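What the sequence shown shows, in the working numbering, is residues 8 to 445, in sequence order. C-beta: ideal position from N, C-alpha, C; glycine also. On a predicted model such as this, the values are computed, not experimentally measured, just so you know. Heads up: the structure comes next, in structure tokens.
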Amino acid sequence: MRATLDHIGIAVKDLSAALAFYRDALGLEIEAPEEVASQQVRAHFVPVGESKLELLEPTGAESAIAKYVEKRGPGLHHLTLRVDDIEAAVAQLKARGVRMVDEQPRPGAEGSTIAFIHPSSAHGVLIELKQAPGRTHGSSLTGDEAQVGADPPVGPGPVRYSVGELELISLSDGLLRMDGGLMFGVVPKTDWSTHAPADERNRITLAMRPLVVRGARTMIIDAGLGDKESGEFLDTYGADRRYNLNHALADAGLAPEDIDIVLASHLHFDHAGGFTVRDAAGRLRPRFPRAQYIVRRGEWEDATHPHSQNTARYRADNYVPLAEAGVLQLVDDDVTIMPGVKVRRTGGHTTHHQMVIIESGGKTASFVADLIPTTAHVPDSWIPALDLYPMDTLAAKQAFAREAAAKKTLVFFEHDLATAAGYIRDEEGKRRVLPALS
Ligand SMILES: [Zn+2]
Ligand SMILES: [Zn+2]
């Protein structure tokens, strides 16, 4: 078989110390991290010519990397060889009596297929074989077709919380990449890139986390990017749809028919893309067949009459079919949507952007959508450049952060890679987030 060195995995104990060496002392570029929630690991790739280094940071005590570091200390962990035909490679190795960790190739990161060789057969080295996407499974960026013949990869999975009588389930609609400058506004790259390293196109990786609220009725707030986009759009936004809302709903034990209410924070494509689907005949229809879709009237007006400053994020296919199907309900004010759930206009990001306040049994939670898209955006000046009215974002964020700290509100961060929800704390004038356990 022909094999090329793809990358070398390095187990890291202290990420900031590792960055001080690889990034600062060696002067290498670090790409945006990839979260592999199922393995409790965050991978930071460092391009070096044709190959890469992969700094592996454990995110939980159960992670294999954490155990490795505990037992043997930080250092070389594995090396990865890229092969053209992984099925043939594994068959060849097995025929020669090589012991495999994976008897069958399985899905790996970014649409690849992988199989590990046991170190006992490789003279003490853990070797990963990898077949790049696009050989037998199509491009990693085309959604479900990419998975023909493979099980869907394991994603971040649903995370359940309870707030009084209500059950909240944080879901995932895959990952997206956005320009780091757009996401952090006046904050210099030297500051934001330590929180969210940029890739070679200056993009950072964002999650999309719709939230299900189960109470008197079953509601979903936002629905991610959806499955209608293709080609250049998916490439521009680096969409990774291997684990998406279809998988997440199924993992949460929910079918699209179970959803009574779909509530929109606003109609940008990374929130409303999953509101509609294209059927086999090419027609657009509501994705949740029994649901009423609730949108703020001002947001609807803006989305259906975009201007040069907001047009890039509005795509009519995501919401116009809802009006045509007669399932659209427009609301004008800060109203109660169902018992314990109400909306509140924040403005800032879009003129009529709204957040969702959830209250039950003396407890509160909040789905803040693009008011505070990630935990990095909690401090005052961390406001996306794409916000239409950043000073309104600032005022709304300050007021909300004070309220959330006082009420111990469970805050959901829709675009955060690592933290689905947490508590905002004021510690000596510094605002921080304490991640919540489900
Ligand atoms: Zn938005
Ligand atoms: Zn967004």
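Short Cβ contact (8 Å threshold) for Pro293 with Phe282: In contact: Pro293 and Phe282 (Cβ atoms closer than 8 Å).
I need the DSSP call for Ala73, collapsed to helix, strand or coil. Helix.
Exercise for review: Please classify Thr311: does DSSP put it in a helix, a strand, or coil?
Suggested key: Three-state result, Thr311: helix.
In chain order, what are the residues with a CB under 5 Å from some non-hydrogen atom of ligand 2? With the cut-off at 5 Å, the residues found are Asp277, Asp377.
- Query: Is the CB-CB distance between Tyr321 and Pro313 below 8 Å?
  - Reply: It is a contact, given that the beta carbons lie within the stated cut-off.
Does the beta-carbon of Arg210, which I'm using as the reference point, lie nearer than 7 Å to any heavy atom of ligand 1? Arg210: no, Cβ never under 7 Å from ligand 1.
Pairwise C-alpha distance: Val19 and Tyr75
Looking at the two C-alpha atoms, the distance is approximately 10 Å.
* Can you list, in chain order, the residues of its chain whose CB lies under 8 Å from that of Leu395, leaving out five sequence neighbours each side? -> Correct list, in chain order: Gln316, Asn317, Gly355, His356, Thr357, Thr358.
Check: With a Cβ-Cβ cutoff of 8 Å, do Asp13 and Ser58 count as a contact?
Finding: Yes.
Item checked: Length of the line joining the Cα atoms of Leu378 and Asp229 -> C-alpha separation (whole angstroms): 14 Å.
Comparing C-alpha positions only, which one of Ala102, Gln111, Leu86 sits nearest to Pro126? Among Ala102, Gln111, Leu86, the Cα nearest to that of Pro126 belongs to Leu86.
- request: Have a look at Glu42 and Leu424 and give me their C-alpha separation to the nearest angstrom.
  value: Looking at the two C-alpha atoms, the distance is approximately 7 Å.
*Is Pro397 helix, strand or coil when you go by DSSP?*
Secondary structure of Pro397 (DSSP, three-state): helix.
> Gly181 and Ala246 look like a contact to me (Cβ under 8 Å); what is the Cβ gap, rounded to whole Å?
Replying inline: About 6 Å separates the beta carbons of Gly181 and Ala246, which is inside the 8 Å limit, making them a contact pair.
Practice problem: Look up Lys20 in the DSSP assignment and say whether it is helix, strand or coil. | Solution: Here Lys20 carries a coil assignment [DSSP, helix/strand/coil].
Original post:
For Ile344 and chain D, any beta-carbon pair shorter than 8 Å?
Top reply: Looking for chain D here will not work: only one protein chain is present.
Quiz prompt | As assigned by DSSP and simplified to three states, the class of His360 | solution = DSSP places His360 in the coil class of the three-state scheme, outside both helix and strand.
Report the rounded CA-to-CA distance for Asp198 versus Ala383, giving the unit in angstroms. Taking the straight line joining both Cα atoms gives about 10 Å.
Status (buried if at least 16 other CB within 10 Å, exposed otherwise) for Pro195
Its Cβ having fewer than 16 others within 10 Å, Pro195 is exposed.
**Prompt:** Looking only at C-alpha atoms, which of Ala412, Pro217, Arg439, Tyr244 sits nearest to Val269?
**Reply:** Of the candidates Ala412, Pro217, Arg439, Tyr244, the one whose C-alpha sits nearest the C-alpha of Val269 is Pro217.
Practice prompt. Measure how close the beta-carbons of Asp341 and Lys349 come, nearest whole angstrom, since I'm counting them as under 8 Å.
Written response: Confirmed, about 6 Å.
| query | What's the call for Met8, buried or exposed, on a 16-neighbour Cβ count within 10 Å? | reply | So Met8 ends up on the exposed side.
Simplified DSSP state of Arg304, which is helix, strand or coil = Residue state, collapsed to three classes: helix.
Inset, instruction - Look up His125 in the DSSP assignment and say whether it is helix, strand or coil. - result: If DSSP states are grouped into helix, strand and coil, His125 belongs with coil.
- Would you kindly report the start and end of the unbroken alpha helix (DSSP H) that includes Asp28? It should be noted that the sequence gives Phe, not Asp, for residue 28. Premise fails: Phe28 is in no alpha helix (DSSP H) and is neither H nor E.
Sequence-distant residues of the same chain with beta carbon closer than 8 Å to Gly171, five excluded per side:
Residues of the same chain with a CB within less than 8 Å of the CB of Gly171, apart from the 5 flanking positions on each side, are Gly347, Glu366, Ser367, Gly368, Gly369, Lys370 in chain order.
### Query
Between Leu35 and Thr311, what straight-line distance do the alpha-carbon atoms span, to the nearest angstrom?
Rounded to the nearest angstrom, the two C-alpha atoms are 45 Å apart.
Determine the DSSP secondary structure at Asp109, reduced to helix, strand or coil. Three-state result, Asp109: coil.
Expressed to the nearest angstrom, what Euclidean distance is found between the alpha-carbon atoms of Arg439 and Val105? Using only the alpha carbons, I get a separation of about 50 Å.
(Q) Taking 8 Å as the cut-off, does the segment 93-102 touch the segment 130-140 (at least 3 CB pairs, one atom from each stretch)? (A) The segment 130-140 is in contact with the segment 93-102.
Following the continuous beta strand (DSSP E) through Ser58, name the residue where it begins and the one where it ends. First-last of the beta strand (DSSP E) with Ser58: 58-65.
For this session: Using 7 Å as the cut-off, classify the Cβ of His254 as near or not near the heavy atoms of ligand 1, replying yes or no.
Result: His254: no, Cβ never under 7 Å from ligand 1.
Subject >> Nearest neighbour of Thr66, chosen from Leu60, Pro40, Ala403, Val55 [CA to CA] >> reply: When each option's Cα is compared against that of Thr66, the closest is Pro40.
- Task: Figure out for me which residue from Arg103, Glu64, Gly56, Ser23 has the closest Cα to the Cα of Ser200.
- Result: For Ser200, the nearest C-alpha among the options comes from Ser23.
Exercise. Pick helix, strand or coil for His384, following the three-state DSSP scheme.
Key: In this structure, His384 counts as helix in the three-state DSSP scheme.
- Should Asp249 and Ile211 be called a contact, given that it needs their Cβ atoms to be closer than 8 Å? The residue asked about is misnamed: residue 249 is Arg in this sequence, not Asp. With respect to Ile211, Arg249 sits apart: the two C-beta atoms are not nearer than 8 Å.
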